[in-house]
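Protein chains in written order, with the working numbering: chain B, 42 to 141; chain P, 18 to 674; chain Y, 76 to 242.
Note that CB positions come from ideal geometry on N, CA and C, so glycine has one too.
The structure presented is a predicted model; accordingly, all values stated were derived computationally and were not measured.
Written as structure tokens, this is what we have:
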């Protein structure tokens, strides 16, 4: 069997890569996708734990995470469309009207 | 014992306070008649109440000391300063003088101020003054006395600066208050010292505790000496002695009734009252007594020399007041407290009369105050002339008028104490000078050639409400001293006997002479005093009536002396240069420019600037740049994770080593 | 090296490669496709762990709906290659070290403590799907109903947001 740590380390690596992309990319859509990557990493951890403990709660929670991610993606993409309409650009650094 | 008024002793000061409040708050719209009624009514009723209180004190209580606590004002730990009023023989004298003379001056003011603006304001302030002065003399502890002390200073400031649109008047008001404050500083220190030593400021308790203390000799600066000297410093400020007398001549900027009431009869005598009241403290200290006597004597002589050459009629009287106050302090300083208070009373009569009559003259001359522009008025304003002449005879010390008895007692006491001969000589010389300058005033004002233009000045006698008080005061100036008169024919001195219980523990002069020899000495001294007065009279007569031109000649030949005297020994200028100017420079350059602007404003502005600077730094986190926000999110998540995983990380680090 | 382990490493490696690709690609469409790769690999891993239902949902919902939505939007907005703008200084200097630190700390924590997890299981849970559904309708019924409400709200939000402005 695959030890639990392996899954968890993989989850950590994916999470870290998602964080890197979150910080470094300039395209809003790409940033959003990195968030999805992070969520997936977390899902992996949940399922791994569920298998390790023999209980099924982890998988139930994964379902909820996926549902929420779907809802969030819908709304988020709507916002991205609006940003494109208003700023004529998908560069996140152009969305800076809140600066003091 | 039924003493209804004594039980309500507070009503004596309360009535003028009520008058002041009514006139002050509502007087602006009221016609003069109503203002008059309120003010005169308040003072008059207060006088009647004082009379009744005195009657009860003397006849019903048989002069037994009366003290009543009305309410607790300050209670702090074991210290209690209540609003307590007392009545003893000294208070009797003071309260009758204050209310009686005050009432007469109020009547006079209704005539004098009739055409002045701010009529209601004048009477409101005058009543306010009466209130504070009565609090001062009726108080049973130093705290209540000090309330009155400060209050009369305030009233004096308000009244001196009554014509506040005139710069000289408002400056004079400020000067009076500030110089008074310097004295008050000493007074307060004295009070603190007394409280610290005796833990009470009540007169009765404090004097009872101080009585058994040992007498402190010359040069010993024990507690009682220091306290007495500090209290005397306050008295110097209030009663215009050296070196704090400079405010009194300037105070003549106020209306003449103010000069009469405050700067002749009552407020300036508060210092003498304090010294007399604290006689037990002073007599326990030889140093303090010597200081009081010397300062009083020196002031008397000093002020008299200045008064010799002044040309403003009110200034002459002002310096005369300073001089006579010096006599009172001389009396107290040589142990004759009763004589000092006696002179206080007689001086109140004739000095108030002199001022009021001078006011009448000024009123007759349409505002002219310079004696060089008067002359030959004796036939034209007869009542004023005769009353003023009476007062002059009294102040010069001619028997049997009041001033003779009181001044004679003081000089006699000065002669008889050890080492008092120099004081006696100076005092006698001052009496001569007093007589001279007072008669100079009379001759210049009322006799001789007319030195004014009749077309511009219509000399007219004053109205009845001004002349009435003049006459009353003239009568008092004549008979006021007769209480002590019998002592000249080996009879009792009623006044001294009356006051004896108050000063009983004071160290009276011990005459080594026998009874008869003492009596003979008295008569000799009295004769010498009268002789001095006559010399002064004749000199003035000769100089100003017979040889008119001689004064100018003398002035020219003694030009240096004359100019020094005329310019008041340049004391004001010296004070200005030595004290005022450096203080102003210090205040402007150091206290204002450095402490206030740089330090205080700098600190406050600095805090504001600091807040702004902090804001400047911290607002960089709100850059509006989403990517930096993203980084902060990661930082936050990292922090939380590290906190949660800390044991594992530690174990990892430990295991790796 | 058991077959299970081998499959695990293959799938894991692919997932990591996909994630790297997502980070390093310039065009968003390439990033999207990389993400799809990652998701498929993860679905494979779920299958390996015996969570069939989750794997199915992952493919259908995540891969088939969400990623399709992403690709729709990328094509709708005509997203081009990324420009190189450089406004955030802090991201430039502190971003990479921080992200790496994040990864390292999680991994470290996980690696050391994983041994403490008393894994009585480590085998495939039989009838997982049945258990999931019974749990959804018994213990977690309240959150389950709420998620449907959440989806309704999201739909309305998306509709409102994307409306054309009324002229």
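Between the options, which has its C-alpha nearest residue i's C-alpha?
i                     : options                       : result
residue 498 (chain P) : P:415, P:661, P:552 and P:382 : P:415
residue 390 (chain P) : P:182, P:636 and P:460        : P:460
residue 82 (chain Y)  : Y:147, Y:136 and Y:120        : Y:120
residue 170 (chain P) : P:275, P:518 and P:616        : P:275
residue 129 (chain Y) : B:119, B:85 and B:64          : B:85
residue 435 (chain P) : P:511, P:351 and P:419        : P:351
residue 129 (chain B) : B:63, B:79 and B:69           : B:69
residue 371 (chain P) : P:381, P:345 and P:338        : P:338
residue 81 (chain P)  : P:88, P:72, P:89 and P:273    : P:72
residue 235 (chain Y) : B:125, B:115 and B:50         : B:115
residue 90 (chain B)  : B:119, B:139, B:137 and B:46  : B:46
residue 485 (chain P) : P:377, P:657 and P:220        : P:377
residue 120 (chain P) : P:158, P:104, P:58 and P:108  : P:58
residue 297 (chain P) : P:616, P:517, P:408 and P:30  : P:517
residue 423 (chain P) : P:479, P:400 and P:346        : P:346
residue 83 (chain B)  : B:67, B:61, B:65 and B:55     : B:55
residue 442 (chain P) : P:657, P:451 and P:431        : P:431
residue 88 (chain P)  : P:94, P:102 and P:138         : P:102
residue 65 (chain P)  : P:32, P:407, P:40 and P:648   : P:32
residue 29 (chain P)  : P:360, P:446, P:61 and P:538  : P:61
Go ahead and pull the three-state DSSP assignment for residue i.
i                     : result
residue 158 (chain P) : strand
residue 90 (chain P)  : strand
residue 132 (chain B) : strand
residue 127 (chain B) : helix
residue 91 (chain Y)  : helix
residue 195 (chain Y) : Low confidence applies to residue 195 (chain Y): its pLDDT is 49, below 50, so where it sits in the model is not reliable enough to give any reading.
residue 391 (chain P) : coil
residue 222 (chain Y) : helix
residue 618 (chain P) : helix
residue 418 (chain P) : coil
residue 209 (chain P) : helix
residue 637 (chain P) : helix
residue 86 (chain B)  : helix
residue 68 (chain B)  : strand
residue 233 (chain P) : strand
residue 99 (chain P)  : strand
residue 198 (chain P) : helix
residue 83 (chain P)  : strand
residue 104 (chain P) : strand
residue 276 (chain P) : helix
Which bits of chain Y does residue i rub up against, with CB to CB less than 8 angstroms?
i                     : result
residue 83 (chain B)  : In chain order: nothing, as chain Y lies at least about 11 angstroms away.
residue 123 (chain B) : 236 and 237
residue 109 (chain B) : 222 and 225
residue 78 (chain B)  : 94, 97, 110 and 113
Closer than 6 angstroms by C-beta to residue i: which residues in its own chain qualify, once you throw out the five before and the five after it? Chain order, please.
i                     : result
residue 234 (chain P) : 303
residue 330 (chain P) : 375, 386 and 388
residue 412 (chain P) : 367, 420 and 455
residue 219 (chain Y) : 211
Anything in chain P within Cβ reach of residue i, meaning under 7 angstroms, just list it in chain order.
i                     : result
residue 176 (chain Y) : 655
residue 60 (chain B)  : 651
residue 169 (chain Y) : 648
Might you give, ordered along the chain, the residues of its own chain that have their beta carbon closer than 7 angstroms to the beta carbon of residue i, omitting 5 neighbours on each side?
i                     : result
residue 305 (chain P) : 242, 245, 246, 249 and 299
Can you name the residues of chain Y whose CB is closer than 7 angstroms to the CB of residue i?
i                     : result
residue 129 (chain B) : Within 7 angstroms Cβ-Cβ: nothing; residue 129 (chain B) doesn't reach chain Y, min ~10 angstroms.
residue 74 (chain B)  : 97, 106, 107, 110 and 145
residue 659 (chain P) : 180
Run through chain B and tell me which residues come within less than 8 angstroms of residue i, C-beta to C-beta.
i                     : result
residue 652 (chain P) : What residue 652 (chain P) touches in chain B: nothing, since even the nearest Cβ is about 10 angstroms away.
By the criterion of Cβ-Cβ separation under 9 angstroms, what are the contact partners of residue i in chain P?
i                     : result
residue 173 (chain Y) : 648, 651, 652 and 655
In chain B, which residues lie with their C-beta within 7 angstroms of the C-beta of residue i?
i                     : result
residue 103 (chain Y) : 68, 70 and 71
residue 80 (chain Y)  : 43
At the 9 angstroms Cβ level, is residue i part of the contact set with chain A, yes or no?
i                    : result
residue 76 (chain Y) : Included in the structure are the protein chains B, P and Y, with no chain A among them.
For residue i, I'd like the list of residues in its chain whose CB is within less than 8 angstroms of its CB, leaving aside the five on either flank, ordered along the chain.
i                    : result
residue 84 (chain P) : 101, 102, 103, 104, 157 and 221
Counting only Cβ pairs nearer than 8 angstroms, list the residues of chain P close to residue i.
i                     : result
residue 134 (chain B) : 642, 643 and 644
Just to confirm the assignment: which complete alpha helix (DSSP H) runs, minimum length 4, are found wholly within the region 310-356 of chain P?
You should have 330-350.
Where are the beta strand (DSSP E) runs, 3 residues long or more, that stay fully inside the region 539-588 of chain P, in chain order?
Counting only runs of 3 or more, we get nothing.
List in chain order: all unbroken alpha helix (DSSP H) runs of 4+ residues lying wholly within the region 448-475 of chain P.
As far as the region 448-475 of chain P is concerned, it has no whole alpha helix (DSSP H) run of at least 4 residues.
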